[in-house]
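Visitor: Just so it is clear: in the sequence shown, position 68 is 67 by numbering that gives the first Met the number 0, and no numbers are missing. No residue lacks a Cβ here, since even glycine has one placed at the ideal position from N, Cα and C. The structure under discussion is supplied below as structure tokens; questions concerning it will follow.
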Amino acid sequence: MIFPVAKNPILAFKSLAVAVLLAIAPIATRADVDSDFAAGMAAFRSGDLFSAMEPLRRAADAGHPHAQSMLA
């Protein structure tokens, strides 16, 4: 049985491109979450609690467990 994607190389390429983008998207998002957490913790450690809240909140809203525990 031949899949319809195999008959059309352009469709096969587009399907592969979408699959790759969907696979990498969580990695890029995770990097943003980690950088938000790091920025929030740096501000927290320097004693600037108001500046720490925004990046920690973004990281916590994105599901970062340590950021969530910092705001609990």
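1. Using a threshold of 8 angstroms, state whether the C-beta atoms of A66 and F43 are closer than that.
2. Could you tell me the distance, in whole angstroms, from the CA atom of A41 to the CA atom of L10?
3. For H63, which of helix, strand or coil comes out of DSSP?
4. Alpha carbon to alpha carbon, what distance is there between S34 and M52?
5. Is it the case that the Cβ atoms of L55 and L70 are separated by a distance below 8 angstroms?
Guide: In short:
1. No; because the gap between Cβ atoms is not below 8 angstroms, this pair is not in contact.
2. 47 angstroms
3. coil
4. 14 angstroms
5. yes
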